[in-house]
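Protein chains: 2
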Amino acid sequence: MTEQAATPATEEYLAVIYRLSRQAEPVPLALLAEQLGISPISANEMVRKLARAEMVTYRPYEGVTLTEAGRQRAEVMVRRHRLWERLLTDVLGLPWDAVHAEAGRLEHATSDLLERHLAQYLEQPSTCPHGNPIPGQPQRLEGARALSSLATGERGRVLAVVNEDAALLRALGQAGLVPGAELEVVAAEPALGSLAVRVGDRHVALALAAAAQIMVGAPEGQGS
Amino acid sequence: MTEQAATPATEEYLAVIYRLSRQAEPVPLALLAEQLGISPISANEMVRKLARAEMVTYRPYEGVTLTEAGRQRAEVMVRRHRLWERLLTDVLGLPWDAVHAEAGRLEHATSDLLERHLAQYLEQPSTCPHGNPIPGQPQRLEGARALSSLATGERGRVLAVVNEDAALLRALGQAGLVPGAELEVVAAEPALGSLAVRVGDRHVALALAAAAQIMVGAPEGQGS
DNA sequence: TAAAATATTTAGGTATACCTTAATTATAGC
DNA sequence: GCTATAATTAAGGTATACCTAAATATTTTA
Ligand SMILES: [Mn+2]
Ligand SMILES: [Mn+2]
Ligand SMILES: [Mn+2]
Ligand SMILES: [Mn+2]
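Sequence lines, in order, name chains A and B. The opening residue of the first sequence carries number 0 in numbering that gives the first Met the number 0; numbering runs sequentially from there. The opening residue of the second sequence carries number 0 in numbering that gives the first Met the number 0; numbering runs sequentially from there.
Set out below in structure tokens:
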């Protein structure tokens, strides 16, 4: 009986590992613990339990990697999470900086049946309101780059905000830096850790750390 | 520190006690335990904990009653539950016999903010899809009676199905016995434990136990 | 390459919410 | 009024998911 824990806690671990895997693979335990808001010791315990259940592989001093079974389970959770975000913003009108936390709870209370109805009602969306991909839908193949990597004068269009921290999203929303926005880098000052960007007719200055969370693609009318 | 447990488990107890209070007040422990699907001993433990937290009063051999604080908390949960049921049926198109179970999970993952947006989007509905009242909305004052109490020849309109058991709802749905349906009692046979009813042009026979779960009001065009 | 700094593991503990078995009630039927 | 029945409480146990403190192991860096 190595199987089927499927408690909210294990679901949460798998989904967080999945998300962090984009940035670092395998995922260091310290990062995982920090994201989950628990002690590294507790994270270590749980990760070893997940390894026993063959949802992850764990290499001490290196980190955690999802197994195929773990990845599938994680994708289900992330899919439900992002479908909920779409419903909450597009239909119920919640602000985009609030829906990540709400969906983070609803995802664990969602059956297969409900997931199907959600996806159907929303017409199989391919991204969440923050531009991040919904697993199970065809992804537009993107030559996406972090905004922080653009040089002065380069233009692009916002595709996604990777980090869905509420404070960051609120600030970006006010600056007009939302998926679809066209922008141009006015001045890149890596040495100063800062970036000046024109968004429409507005000028915005942001830290490199913030810019690193924004994925941009080719500007309108320019194929990859 | 007698305060604020607010775990899903305590929320669940309060909501179930609230619902059962319509039928029996105080609520016998045996009934509560059965509804929650746990042993009477565990129910006893939890109820004494709730009593310590002043959410209920508990009189051994009699039963449980909600305190004012408990009633308020319970009404929040029942309100969220029934708002979800409305969204799931009216918007997402889930079958009416499935939504009680779904809402039973979602209710615990619902914030004040989300509750407000749900209610607003649904235009402050006053009942769930099964006809049961949504706390916090004005209730139409109803001279409702159980269908099982009607005599032969009496007519009425279905207001609500009190017991939201999936199998019962599925059967009632197929028989057309849904809120709003006009009906006439064709033959009441209390001795046989059965009732024959005409619903539209259809004839339906049902057990008294089932009929007891159906609340009816005055037929169309007849004020109370 | 030997400390120093980090990371991991062990050990022991807490809280929640269940369980079973056994003892102790209280209620109700006769 | 007594006793059978049923309800309650006590006692002890399980599993999950956290925690802290202390011991060990590994990696880094000087
Ligand atoms: Mn979550
Ligand atoms: Mn998102
Ligand atoms: Mn519930
Ligand atoms: Mn209902």
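Backbone N, C-alpha and C define an ideal beta-carbon position, used for all residues, glycine too. This structure is a prediction, so every number in the text was calculated from the model and none was measured.
- Message: So, for Val55(B): in the same chain, excluding its five sequence neighbours on each side, which residues have a beta-carbon less than 7 Å away from its beta-carbon?
- Response: Ile16, Val46, Leu49, Val63, Thr64, Leu65, Thr66, Gly69
- Nonlocal neighbours in the same chain, by C-beta distance under 7 Å from Glu106(A), ignoring five residues either side: Met76, Arg79, His80, Trp83
- Item | Rounded Cβ spacing between Leu191(B) and Pro178(B) (contact assumed at less than 8 Å) | Between Pro178(B) and Leu191(B) the Cβ distance is about 27 Å, and since that is not below 8 Å, they are no contact.
- Message: Quick check: Ala129(A) and Trp95(A), are their CB atoms within less than 8 Å of each other?
- Response: The identity of residue 129(A) in the sequence shown is His, whereas the question assumes Ala. Yes, the pair counts as a contact, with Cβ atoms nearer than the cut-off.
- Query: When DSSP labels each residue in this structure, what does Glu2(A) get in the three-state scheme?
  - Reply: Low local confidence applies: a pLDDT of 43 at Glu2(A) is under 50, so the model's placement there is unreliable, with the coordinate-based value given in what follows. Here Glu2(A) sits in coil by DSSP.
- Message: Run through the DSSP bridge pairs and tell me what Thr126(B) is partnered with.
- Response: Pro132(B)
- Task: Flag Val15(B) as yes if its beta-carbon sits less than 8 Å from any beta-carbon of chain A, otherwise no.
- Result: no
- Item | Cutoff 6 Å; reference Arg72(A); Cβ partners in own chain excluding five residues on either side | Leu13
- Query: Which residue's Cα is closest to the Cα of Pro218(A): Arg144(A), Ala186(A), Glu11(A)?
  - Reply: Arg144(A)
- Task: Determine whether the Cβ of Arg72(A) lies closer than 8 Å to any Cβ atom of chain B.
- Result: no
- Message: Could you check whether the segment 197 to 217 of chain B touches the segment 144 to 153 of chain B, counting it as contact only if at least three pairs of C-beta atoms, one from each stretch, sit closer than 8 Å?
- Response: yes
- Report, in whole angstroms, the separation of the C-beta atoms of Val184(A) and Gly152(A), which I expect to be a contact under 8 Å. 7 Å
- Query: On the three-state DSSP scale, how would you describe Ala206(A)?
  - Reply: strand
- Under three-state DSSP, which class holds Ser147(B)? helix
- Task: Go ahead and label Glu2(A) buried or exposed: buried means 16 or more other beta carbons lie within 10 angstroms of its beta carbon, across all protein chains shown.
- Result: Any answer about Glu2(A) is weak, because its pLDDT of 43 lies below 50 and its placement is not dependable; what the coordinates show is given next. Answer is exposed; the Cβ neighbour count stays below 16.
- Starting from the N-terminal end, write out each residue whose C-beta falls within a distance shorter than 6 Å of any non-hydrogen atom of ligand 3. Glu11(B), Gly103(B), Glu106(B), His107(B)
- Item | Collapsed DSSP secondary structure at Val215(B) in the structure displayed | strand
- Query: Residues of chain B with CB under 8 Å from Tyr57(A), in chain order?
  - Reply: Result: empty, since nearest Cβ-Cβ is about 29 Å, beyond 8 Å.
- Query: When the distance is taken between beta carbons, is Gln136(A) closer than 8 Å to Gln123(A)?
  - Reply: yes
- Task: Along the alpha helix (DSSP H) that carries Val75(B), what are the first and last residues, could you check?
- Result: 67 to 85
- Item | Pairwise C-alpha distance: Ala52(B) and Met0(B) | Because Met0(B) carries a pLDDT of 34, less than 50, the predicted location of this residue cannot be relied on, and no value is offered for it.
- Would you tell me roughly how many angstroms separate the C-alpha atoms of Ala206(A) and Val160(A), rounded to the nearest one? 14 Å
- Message: For Ala187(A), tell me which candidate among Arg154(A), Ser41(A), Gln119(A) has the shortest Cα-Cα distance.
- Response: Arg154(A)
- Item | Opening and closing residue of the alpha helix (DSSP H) in which Glu114(B) lies | 111 to 120
- Task: Return yes when the Cβ of Ala165(A) is within less than 8 Å of the Cβ of Ala97(A), no when it is not.
- Result: yes
- Task: Taking a Cβ distance cut-off of 9 Å, strictly less, list which residues of the segment 74 to 88 of chain B are near chain A, in chain order.
- Result: Leu86, Leu87
- Message: Among His99(A), Pro189(A), Leu31(A), Arg156(A), whose alpha-carbon lies nearest the alpha-carbon of Ala150(A)?
- Response: Pro189(A)
- Proximal residues of chain B, C-beta to C-beta of Leu19(A) below 8 Å: Ordered by position in chain B, no residue passes the 8 Å Cβ test against Leu19(A), which lies about 23 Å from the chain.
- Message: Classify Ala5(B): buried if its beta carbon has 16 or more other beta carbons within 10 angstroms, exposed otherwise.
- Response: exposed
- Task: Reducing DSSP to helix, strand and coil, say where Ala187(A) ends up.
- Result: strand
- Task: Name the residue from Asp200(B), Asn162(B), Glu114(B) whose alpha carbon lies nearest to the alpha carbon of Leu87(A).
- Result: Glu114(B)
- Task: Select from the segment 109 to 139 of chain B all residues with a C-beta closer than 7 Å to any C-beta belonging to chain A, and list them in chain order.
- Result: Ser110, Leu112, Leu113, His116, Leu117, Tyr120
- Query: At a CB-CB cut-off below 9 Å, which residues of chain A make contact with Gly92(B)?
  - Reply: His116, Gln119, Tyr120
- Message: Could you give the first and the last residue of the continuous beta strand (DSSP E) run that contains Leu158(A)?
- Response: 154 to 160
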